[in-house]
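Undergrad: The sequence shown: position 18 = 56 (my numbering), numbered continuously. The structure follows.
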Amino acid sequence: NFCINNGSVSMASCVPIYKAEIIDKQLDEMTSLMLSETIEIDVRRRIVILPKICSTYLQDFCNKSLKSNHNVTAIDCLRTLSSYLNRIDRQEVMRMLSDNNHMSIKYKRFVFNCRRFGYFQSVYSNVDNQ
């Protein structure tokens, strides 16, 4: 859901061109990019603000075992997404999650205004077609 970009300011700042040979790596990379540009973490107030798309597609952001065992929550979503965060953000989120989930998760408002785009050079773009 992070990897299809409608051009709004609520999405990543670039539109990738996907290649079949490396699509899995590119999807992971776009997820990390989207989160790095949109997630807000306030450790002092114990609040994490996720992109609105996480609320809209909550079920999609959790692993299959969670979906089959109980209703998916925002905490489950954050746990799943934490693996795509940079090291510092991941550590802060994991610290908050380990404290008996005493934290608040909120969602940003989705803004449909269009943004200016730049070309995103994937670190995997130069992979030979083998």
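No residue lacks a Cβ here, since even glycine has one placed at the ideal position from N, Cα and C.
Which residues bound the beta strand (DSSP E) around Asp-32?
TA: Examination of residue 32 is not possible in this model, given that the chain is present from 39 through 168 alone.
Undergrad: To the nearest angstrom, how far is the alpha carbon of Ser-70 from that of Ser-121?
TA: Cα to Cα, the separation comes out at about 9 Å.
Undergrad: Between Ile-77 and Asp-114, which are expected to be in contact by the criterion C-beta below 8 Å, what is the C-beta distance as a whole number of angstroms?
TA: The Cβ separation is near 16 Å, so there is no contact.
Undergrad: Over the uninterrupted beta strand (DSSP E) stretch that includes Ile-55, give me the two end residues.
TA: That residue, Ile-55, is in no beta strand (DSSP E); it is neither H nor E in DSSP.
Undergrad: Let's see if you can read the secondary structure: which residues bound the alpha helix (DSSP H) around Leu-116?
TA: 112-119
Undergrad: I need the straight-line Cα distance from Met-49 to Pro-89, nearest angstrom please.
TA: In this structure, the CA atom of Met-49 is about 8 Å from the CA atom of Pro-89.
Undergrad: Determine whether the beta carbon atoms of Ile-87 and Lys-146 lie at a separation below 7 Å.
TA: yes
Undergrad: List in chain order: all unbroken alpha helix (DSSP H) runs of 4+ residues lying wholly within the region 123-148.
TA: Whole alpha helix (DSSP H) segments, 4+ residues: 125-136.
Undergrad: Apart from the five residues on each side of it in sequence, which residues of its chain come closer than 6 Å, Cβ to Cβ, to Met-72?
TA: Phe-40, Ala-50
Undergrad: Return the chain-ordered list of same chain residues with a C-beta closer than 7 Å to the C-beta of Tyr-56, the five sequence neighbours on each side being excluded.
TA: Gln-64
Undergrad: Give me whichever residues DSSP pairs with Leu-88 in a beta bridge.
TA: In the DSSP secondary-structure assignment, Leu-88 is bridged to Tyr-145.
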